[in-house]
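Report on the following structure.
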Amino acid sequence: QVQLVESGGGLVQAGGSLRLSCAASGSAFSINVMSWYRQTPGKKRDVVAIITSGGSTNYADSVKGRFTISRDNAKNTVYLQMNSLKPEDTAVYYCKAVTMTAIPYWGQGTQVTVSS
Numbered sequence: 016q017v018q019l020v021e022s023g024g025g026l027v028q029a030g031g032s033l034r035l036s037c038a039a040s041g042s043a044f045s046i047n048v049m050s051w052y053r054q055t056p057g058k059k060r061d062v063v064a065i066i067t068s069g070g071s072t073n074y075a076d077s078v079k080g081r082f083t084i085s086r087d088n089a090k091n092t093v094y095l096q097m098n099s100l101k102p103e104d105t106a107v108y109y110c111k112a113v114t115m116t117a118i119p120y121w122g123q124g125t126q127v128t129v130s131s
């Protein structure tokens, strides 16, 4: 079992920055890929950024150049640095971890609100 706890969400003005954190515990040693998703009411949950255990990253087109995903394997923590935030970035952001055996785990989500 893997437990994920997100933090760092909040209210920010357009153009501002936030950094989200997701700390993994439990069988964190088994985690392979970690990622951030976001979801708005009535919409499906969409991937924002992905990072592998080796550090390879991938981003949704809508956040490229503004968001940066990083990972501290020693702390079992993944981060999402969000710069130049836009109102359309407003969503609940979820951390996801997938183990070496392809089992997914989700965090509880953290609200990010960007005011115009």
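In this note's numbering, the protein residues as written are 16 to 131.
Yeah, the Cβ is synthetic: ideal placement off N, Cα and C, and Gly gets one too.
{"Item": "Rounded straight-line distance, which links the Cα of residue 79 to that of residue 63", "Value": "9 Å"}
{"Item": "N-terminal and C-terminal residue of the beta strand (DSSP E) that residue 82 is part of", "Value": "82–87"}
{"Item": "Own chain, CB closer than 7 Å to residue 99, minus 5 neighbours either side, in chain order", "Value": "30, 81"}
{"Item": "Whether residue 53 touches residue 106 by CB criterion (8 Å)", "Value": "yes"}
{"Item": "Cutoff 7 Å; reference residue 101; Cβ partners in own chain excluding five residues on either side", "Value": "29, 129"}
{"Item": "In chain order, each beta strand (DSSP E) run of at least 3 residues that lies wholly inside the segment 75–124", "Value": "82–87, 92–97, 106–114, 119–121"}
{"Item": "Beta-carbon contacts of residue 68 that lie in its chain and below 6 Å, excluding the five residues immediately before and after", "Value": "47"}
{"Item": "DSSP-derived helix/strand/coil call for residue 43", "Value": "helix"}
{"Item": "Alpha-carbon spacing of residue 16 relative to residue 121, whole angstroms", "Value": "11 Å"}
{"Item": "Residue 72 (DSSP reduced to helix, strand or coil)", "Value": "strand"}
{"Item": "Identity of the residue in 66, 119, 124 nearest residue 85 by Cα", "Value": "66"}
{"Item": "Given residue 95 as reference, the closest of 27, 32, 26, 18 once Cα atoms are compared", "Value": "32"}
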